[in-house]
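Inspection log for the structure reproduced underneath, given as structure tokens.
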Amino acid sequence: MEKHKIWDVESETMSRDRLEQFQLERLQSTLNRVYRNVTFYRNRLEGAGVMPGDVHSLEDLEKLPFTTKEDLRDNYPYGMLAVPLREVVRIHSSTGTTGKPTVIGYSRNDMDTWSELVARILTAGGVTSEDVVQIAFGYGLFTGGFGLHYGAERIGASVIPVSSGNTRKQLMIMEDYRTTALICTPSYAHFISEVIEEHHIELGRLSLKRGLFGAEPWSERMRVEIEGKLGITATDNYGLSEVMGPGVAGECLEKSGLHLNEDHYIPEIIDPETGRVLPIGERGELVITTITNEAMPLIRFRTRDLTRLYVDSCACGRTLAKIEKVTGRTDDMIIIKGINVFPSQVEQILNQFEGITPHYQIVLGRDGALDTMEVLVEVHENLFFDEMKKQRELLDTVREALRSALGLGVGVKLVEPKTLERFQGKADRVVDNREI
Ligand code: DLL
């Protein structure tokens, strides 16, 4: 195995006592700041009867109210900012449960922290200044491309911002520019590996050594396949835009859990039903409190991601706690090709069209390793028996509306009236035929 390298030895290997002291000080100052600068938090804290001064220990975190994605949406676009807009130097956004997306603002210091934290994760995955890094994540409002880009530059690697898609071009670049590290979603990495196989490209022509994959759940089986087909070491990294983006947690070469950057984010695991904090080691929903974010601090943000948290003495030397690979969520958000989609978004779009009933179904599948999504839409009787031309027009407009709203190409199929399943209880409109 390669030797472990650590980007920020002091922060990543500090004693737990010192770390906890840091966390408490930073938490207290974050609470003071949000109380002073964010009306939403002032009201929330007052409503819960806790003042920033009531937090004397990390255990007191439990007394604070949660923040949810819906809170961010309700304060769209800039209500969660703790700094004036003129201090914001970057804005990203992420899919909301319905309608409006959530907006994330970054100050100059936040951008610096972000690069540092991504540099830590890249280093943990084996990337150094010697690497040629091909970033095949989308560049845009999604945090994947830009987040990893700045971290890789911080390390001093040679960064190729190729963005996602156009696999033949990716392969040409990978071969000719002698890419050593590939960064994208695990499903795209798997797809690339299949194209390599199909085109009988010998691995010997490539210089790839490692891959850092994240933004969606993936299994150990998938890791083994990607590593085998690409001849690389593959590590997992996790993050979410509300908290910053990639850079929250990442595996070291031990591949035994993702070290979470606890000196910037305090993790808790709660029971998603009761909201009670669970003892360390139990599986539940990850909740994150940001303690260094300037522009948009979040107190006890409910990620909806299910995992476990544990502290062990990792052979890499890091003392930071680890989360287990994230494999599920507590809400109905689905992730397709790294893009977050809520069924309610699809429903809202479909509702805009005449001739469509409220019944639809989302069918997820795999084409090779790539996710596919097809929306079955039940039409009204009169439309179905009408001319073909009208049907085709409807199909095209619905497909285009979904593509532009979700940022994702999806298949659409019109089905006859009364053919889709009806539900007595909670509707389950997603059929997921993907295995992870
Ligand atoms: O996916 C940030 C990111 C970009 C992380 C690139 C890693 C690499 P969002 O688009 O806001 O941000 O989606 C966040 O994606 O709550 C998880 O449900 C899921 N997710 C992210 N990373 C992983 C992972 C980015 N490694 C949501 N394993 C999160 C499983 C992941 N799920």
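In my numbering, the protein residues as written are 462 to 897. Where a beta carbon is used, it is the ideal one built from N, C-alpha and C, also for glycine. Note that this is a predicted model, so its numbers are computed, not measured.
Residue i Cβ short of 7 Å to ligand 1 heavy atom set
i      : result
Thr604 : yes
Ser624 : no
Ser680 : no
Tyr539 : no
Val579 : no
Asp828 : no
Asn698 : yes
Arg790 : yes
Thr529 : no
Val891 : no
Asn801 : yes
Ser702 : yes
Asp637 : no
Gly706 : yes
Asp793 : no
Asp766 : yes
Ser576 : no
Val787 : yes
Glu896 : no
Gly612 : no
Phe598 : yes
Gly601 : no
Ser555 : yes
Close beta carbons around residue i, own chain, < 7 Å, minus the five adjacent residues each side
i      : result
His610 : Ile596, Val620, Pro622
Gly617 : Ser590
Glu686 : His651
Ser625 : Ala597, Phe598, Gly599, Cys645, Tyr649
Nonlocal neighbours in the same chain, by C-beta distance under 6 Å from residue i, ignoring five residues either side
i      : result
Val738 : Glu523, Glu729, Ile731
Leu844 : Gly816
Ile796 : Glu677
Ile760 : Leu525, Thr528, Thr750
Glu712 : Thr696, Asp697, Leu719
Pro733 : Glu746, Thr791
Thr694 : Arg671
Asp637 : none
Bridge partners - residue i, DSSP secondary structure assignment
i      : result
Ala862 : Looking at the DSSP assignment, Ala862 forms no beta bridge with any residue, so it has no partner.
Cys645 : Phe674
Gly711 : Asn698, His720
Glu835 : Val824, Gly872
Ile749 : Pro728, Phe762
Lys783 : His720, Tyr771
Thr528 : Phe762
His553 : Ile565
Ser619 : Val593
Asn504 : In the DSSP output, where bridge partners are listed per residue, Asn504 has none listed.
Asp893 : Leu825
Ile493 : Note that residue 493 corresponds to Asn in the displayed sequence, not to Ile. In the DSSP output, where bridge partners are listed per residue, Asn493 has none listed.
Per-residue burial, residue i [other beta carbons within 10 Å of its own, 16 or more giving buried]
i      : result
Val550 : exposed
Phe884 : exposed
Gln806 : buried
Ala509 : exposed
Arg436 : The shown model of the chain, from 462 to 897, leaves out residue 436, and the question about it has no answer.
Met849 : exposed
Asn430 : Beyond the ends of the chain as shown, which are 462 and 897, falls residue 430; an answer cannot be given.
Met541 : buried
Close Cβ partners of residue i (< 8 Å) along its chain, the five nearest in sequence each way excluded
i      : result
Thr584 : Lys466, Ile467, Trp468, Ile616
Leu632 : Ile653, Val656, Ile657, His660, Ile662
Thr640 : Val593, Val594, Gln595, Ile621, Ile634, Leu667, Ser668, Leu669
Leu664 : Ile657, Leu691, Gly692
Val892 : Gln822, Ile823, Val824, Leu825
Lys783 : Ala710, Ser717, Gly718, Leu719, His720, Leu721, Leu770, Tyr771, Val772, Asp773, Cys775
Thr628 : Phe652, Ile653, Val656
Contact with chain C by residue i, beta-carbon distance below 8 Å
i      : result
Thr788 : Annotation note: the requested chain C is absent from the structure, which comprises a single protein chain.
query: Pairing CB atoms from the stretch 645-665 with CB atoms from the stretch 498-512, are three or more of them under 8 Å?
result: no
query: Does the stretch 744-753 touch the stretch 670-684, meaning 3 or more C-beta pairs lie closer than 8 Å?
result: no
query: Three or more C-beta pairs closer than 8 Å, one from the stretch 769-786 and one from the stretch 864-874: is that the case here?
result: no
message: Does the stretch 489-503 come into contact with the stretch 598-610, if we say contact requires no fewer than three beta-carbon pairs (one atom in each stretch) closer than 8 Å?
response: no
message: Using 8 Å as the cut-off, can you tell me whether the stretch 699-716 makes contact with the stretch 563-578, which would need three or more C-beta pairs spanning the two stretches below that distance?
response: yes
message: Measuring CB atoms only, is the stretch 805-823 touching the stretch 831-844, in the sense that at least three cross pairs come out at less than 8 Å?
response: yes
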